[in-house]
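Protein chains in written order, with the UniProt record's numbering: chain Z, 1 to 741; chain S, 1 to 741.
Next comes the structure, spelled out in structure tokens:
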């Protein structure tokens, strides 16, 4: 803090520019990502440390294949097409080759980078804006400026790495033909992107700023840090201020976080290496460190990042931006051993001093911990007051059960209309799921690999998520601006472990006059096979509505207590808009009683038990209607439909038993939980009972009024009175004498 | 052969019974599965050999859990229910405990077996026939006799193992209360099963025969070997004669083979141990050895047995019957090192001398080969003249590509109407698939875990397979008796390796007046990413018919050249009977041109390119119509529909490119093959051209007349003349200078 204050003082006194020029005057190369000293240390330890050895072996093998083929620099092509992919591949290869030249001293790598750069220098000046940009700011090599920035970030590292090896004439030619015009294009024609508070903006400022450092243009660095007009309303610092909550949670969610971390840490490293006096890693109470933790700590036990907002179902912490951030945070902060568990899942390190530090610590650790995150909540919004995201966790390593709930901000253009959405990860898989984005990323025949139309018409809509839908419309009627102006609100979060953990949040006004509160509990009872999820979803409204409560699962329906029957000879869409037009209605049943539905997913059974309410409809659906191009996956869903004003959906999801088809074993295919009963709910509290086989009962009491862990509550429903202290209480859970895990 | 002749002579002279009694007079226990000497050797080497150590550790750990709980012997219950499973678990535990007692000398195991046997001795005499047998011969403990026989096979081994440890009084009580009445029940009330040429019959004779050896009832052994009336028309020898082809292929297919091998090898071991002079392992030119090879050599590279006829999709060579047979064949025959590759996949051994032999050889081998089977054909039918099954293979270990075609017998009650059906295994998965059985095995809420009604109405029908369907009816109109009377016929098989392998077979008269010939080629061309499948399916008929050519795949449609469009707002079943009532029609298009359809499965793209024909219809379907109980999986299919008399479906399945969603990489999503052209086809030959990108061409010539590898053929189609020698020829394939594999 002190150092930052001094720097700001220096800036105000007009000293900063001068000091800056002194730094840049030092003719040191390489510097922007790796130094000669680091390269020497990597060379020395190349065979010593497991993760470094593995990484180097892979990268060298890849480059051997590359060096065996001629360099190819095609004219620009369409998104996802061959030329597009070739230019992407080229920057990846230059980046690797540059670092390998530093580490090994083998001039073949340097020649490769030079020859490719000379090729680009021959082509680039002739290029105009890319003709197929489609509503985006174009690059010249690529249809969108973003790719051009990513190209430059990687390429400038490669250039820096061979800078001293290049002739002065070649350097001048390359800088004049490629780096200067490209940086100029990004800053000027691309000013909108450059000044955006968005990950595209971060790539832009990182590209320009890193290039400014390497080729000695301090003015570019200033613009990169403080925006085109250097006022600080945009640029890197503004992005650090506004794109993360105070907890480090990235507002677009983890899938984009893994991509945003990449330029944040590339540029941060460059700043630290050229201007350590800026104290970039201490900035905003170490926001860069928090950003890394708030990304990896959202990961499921297998390392996959939860698909919140537009996201693939498989993106994971092995993504290069996360590997870079993990290694840098380990090296630049306190060397947290928990990050070695992350490095273990990653199985690789970055090729600079930070990667070396991780590789060394990994091998020298007496025991590398398995990646096991605790229950954790991240606030959302730049001020941390716009809701958040909560994770309840129990178990160790890959066997963890995870329940997450999303109650933060909309999340910009990739946001989904999914407040109070939840997911359940259990037994190594996403059991209650998010559809992810509707996109076959980079698959050229599928709409050029871009987002598919069904991303808007289905994947973003509320019904595609596990949260209550009102009147077959989406939250905010799928109006993004309206959604951005609101946020969910946290009620309470208790992730201290123990047999019961709980979190509660609200989403008010996402439909006019409708307020919602969801309370999720993760309960471990010695009489049950596995931890179960209890869900109290309370809706209050000023008038009657239809409420649809959907669960998206995978696997096969096994049993239900309704005698539900699939339609034999005709399927129709469930609705006409807001995603309902994409769901085939497969079956419908009516009941006034408790609903029970069992399905089989992997080696485990799951039963959903929903408290009774009059005139309940249960609908089985399958995604795929209104999908002429077969863009959607044919996945199942179940929903419980009710009409009402104030209503509490109370339910339990119970994993149970074991199935192994190959071994032909099936155990406990029927649930233990027999019923859920709503005792009562009001503005003050909700009280629910869960009844198990043989009659055992849990009583669950949740405070609906203001959160206060010390407040004493007494409510009466019918002739029964309930008292508890704090935000919630659960009675009747049997704790195993020795914990199962 | 000589020894068998002598034995038969002895039998005719009435000597055999005497010699037999002498053998049985020896008071040796244990003997039926393990001897005291073997047990001592296992004890001595318990920690030495990997596979033995692993197996023992697992079995001991399992038994520790068992010993910690009270013994439970419930009254008989329904199929798949708790009691049913408990009795199954009991025999498994007694079997393990008996062997562990022998190996470790720990009396806790012996006590466990005794206490459980005494429990059964207390209950069994009170039991009548199981009340819920439903069209099957009942047991007393179980609803079907089969389970009772499996119980007895395992339990008699356990009894033999603790025989000497038991008091004479206990032995007398147990034999009188359990083994004698149970064996009597199987031989008498169960005579139909006991005398059946069927795997149920093998379990019955093994149970009775092994019990006869252990408790000294030579008459039972005689009946087990030669049938109730000892005439040899039924019993073990007749089963060995009739259930396997001369190549050892089991007529019900691999899924049931893995189950049938179990009693075959249990009983064979008993015979060899009590009466080695019978030379059971040499019987029928070593048919037991062939039976093991003809099972494991059908396995896909991951060890999964191909789902032919009623079968699960996951049953594999780790099944206990296959482990037993593998170890016994290794020990009793020539110790083939290739079987160590099988043992590697199994990761376990049986706990007797055979298992020890494998464990020892496994650790002592300088290198354990990966399980890599060559291309191979097995004839079908007891005489080997009723068609067969062919496997074309290329590649090593788990990376193999496998094409299989089924052209043998129907296969009894579990047979499917699927002659000329084929499957493709590629990139570690079943790419062109068989549905398997419609059954959630042992899942009690799903119809008691039994075969579901949809097994008859869908899974067995021709349309559920990858073979041409005529007039929307199944082969033999799904009449089993009619199907049993026929078989496919092999035409030729060339699995010698090299860039082109091929197999061809016929199915004539499965529809009245309709003959079929399918020729499958596996082609490796240096210009293509992976081996491709070429399929020439020729149908000839005496009148016009509708021909449907379906492929069952998984994954997502990516591209087609027809602009095919899914129905947006209504789905109807594709037909009304023979399985068609279970398929939702999702889309339909018409074309007179070449059909191309690309889908994505796992990390690879697949394109099906079908030669043009006028008025072709292409239909996309999805399983799940007419399925009120959600018993079927919602899997996709594509079919090409044509009308004609004589028609050749010529097509190519090309795997290509690479997709990795997590890494966001997509390469070569479009195919290289551009067209398939039928040049001509006649009774003499079929000639087809495959055309690739840039115009390269393969010319494929297949002989349709009698097979003769040396015959010279010349045919003229239009103005082109083609000449070749042998059953087929392919021109234009470019062979890689250094093979990819």
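We treat Cβ as the ideally placed atom computed from N, Cα and C, and that holds for glycine.
{"Query": "So the candidates are 503/S, 456/S, 384/S, 482/S; which of them puts its Cα closest to the Cα of residue 422/S?", "Result": "503/S"}
{"Query": "For the segment 600-634 of chain S, enumerate the residues whose C-beta is nearer than 8 Å to any C-beta of chain Z, in chain order.", "Result": "600, 620, 622, 624, 625, 626, 627, 628, 629, 630, 633, 634"}
{"Query": "Taking DSSP as the reference, what is the three-state secondary structure of residue 447/S?", "Result": "helix"}
{"Query": "Can you tell me where the beta strand (DSSP E) with residue 220/Z in it begins and where it stops?", "Result": "First-last for residue 220/Z: 218-226, but that is the alpha helix (DSSP H), not the beta strand (DSSP E)."}
{"Query": "Decide if the segment 567-579 of chain S is in contact with the segment 596-614 of chain S; the criterion is three or more beta carbon pairs, one per stretch, under 8 Å apart.", "Result": "no"}
{"Query": "Quick check on the DSSP output: the beta strand (DSSP E) that includes residue 59/Z runs from which residue to which?", "Result": "Segment 50-67 is the alpha helix (DSSP H) holding residue 59/Z; no beta strand (DSSP E) there."}
{"Query": "In whole angstroms, what is the alpha-carbon distance linking residue 236/Z and residue 511/Z?", "Result": "36 Å"}
{"Query": "Between which two residues does the beta strand (DSSP E) holding residue 674/S run?", "Result": "673-681"}
{"Query": "Measure the beta-carbon distance from residue 557/S to residue 630/Z and round it to whole angstroms, keeping in mind my assumption that it falls under 8 Å.", "Result": "4 Å"}
{"Query": "Taking the alpha-carbon positions, what's the residue 116/Z to residue 225/Z distance?", "Result": "30 Å"}
{"Query": "Using the Cα positions of residue 86/Z and residue 93/Z, report the straight-line distance between them to the nearest angstrom.", "Result": "10 Å"}
{"Query": "Relative to the alpha-carbon of residue 339/S, which residue among 132/S, 695/S, 370/S has its alpha-carbon at the smallest distance?", "Result": "370/S"}
{"Query": "Would DSSP call residue 140/Z helix, strand or coil?", "Result": "coil"}
{"Query": "For residue 669/S, return the contacting residues in chain Z, with the cut-off set at a CB-CB distance below 7 Å.", "Result": "443, 444, 445"}
{"Query": "So within the segment 67-153 of chain S, which uninterrupted alpha helix (DSSP H) runs reach at least 4 residues, ignoring any that extend past its ends?", "Result": "82-104, 107-123"}
{"Query": "Within 9 Å (strictly less), CB to CB, does residue 22/Z reach chain S?", "Result": "With a pLDDT of 47 at residue 22/Z, under the threshold of 50, the predicted position of this residue should be treated as unreliable, though the coordinate-derived value follows. Chain S, which has no Cβ nearer than 9 Å to the Cβ of residue 22/Z, makes this no."}
{"Query": "Please report the straight-line C-alpha distance between residue 137/S and residue 77/S, rounded to a whole angstrom.", "Result": "16 Å"}
{"Query": "Say whether chain Z places a C-beta atom closer than 9 Å to the C-beta of residue 25/S.", "Result": "Its pLDDT being 47, under 50, residue 25/S is placed unreliably in this model, and the coordinates cannot settle the point."}
{"Query": "Would you say residue 578/Z reaches chain C, if we count a Cβ-Cβ gap shorter than 9 Å as a contact?", "Result": "Among the protein chains of the structure shown, namely Z and S, there is no chain C."}
{"Query": "Could you give the C-beta distance for residue 417/S and residue 348/S, rounded to a whole number, given that I count them as a contact under 8 Å?", "Result": "Not quite, the Cβ-Cβ distance comes to about 37 Å (not below 8 Å), so this is no contact."}
{"Query": "Kindly give me the distance between the Cβ atoms of residue 657/S and residue 697/S, rounded to whole angstroms, as I take these residues to be in contact under 8 Å.", "Result": "Their Cβ separation, rounded to whole angstroms, is 22 Å, which puts residue 657/S and residue 697/S out of contact at 8 Å."}
{"Query": "Whose CA, out of 80/S, 158/S, 142/S, lies closest to the CA of residue 102/S?", "Result": "158/S"}
{"Query": "Does the structure place the segment 169-189 of chain Z close enough to the segment 240-248 of chain Z that three or more beta carbon pairs sit under 8 Å?", "Result": "no"}
{"Query": "Does DSSP classify residue 553/S as helix, strand or coil?", "Result": "coil"}
{"Query": "Could you work out which residues of chain S lie near residue 449/Z, taking near to mean beta carbons separated by less than 7 Å?", "Result": "666"}
{"Query": "Assuming residue 30/S contacts residue 161/S (C-beta within less than 8 Å), just tell me the rounded distance between them.", "Result": "5 Å"}
{"Query": "Looking at the structure shown, is residue 406/S part of a helix, part of a strand, or coil, going by DSSP?", "Result": "strand"}
{"Query": "From the DSSP output, read off the bridge partner residues of residue 641/S.", "Result": "548/S, 617/S"}
{"Query": "Taking residue 433/Z as the reference, which of 414/Z, 402/Z, 455/Z, 289/Z has the closest Cα?", "Result": "402/Z"}
{"Query": "Residues of chain Z with a CB under 7 Å from the CB of residue 258/S: which are they?", "Result": "None at all; the shortest Cβ gap to chain Z is about 10 Å."}
{"Query": "Hey, quick one: how far does the beta strand (DSSP E) through residue 654/Z stretch, first residue to last?", "Result": "647-656"}
{"Query": "Output yes or no for whether 9 Å exceeds the beta carbon distance between residue 668/Z and residue 559/Z.", "Result": "no"}
{"Query": "Over the uninterrupted beta strand (DSSP E) stretch that includes residue 685/Z, give me the two end residues.", "Result": "685-692"}
{"Query": "Among the residues of its own chain, which have a CB less than 8 Å from the CB of residue 69/Z, if the five just before and after it don't count?", "Result": "none"}
{"Query": "Report buried or exposed for residue 289/S, applying the criterion of at least 16 other Cβ atoms within 10 angstroms of its Cβ.", "Result": "buried"}
{"Query": "How many angstroms separate the CA atom of residue 35/Z from the CA atom of residue 147/Z?", "Result": "26 Å"}
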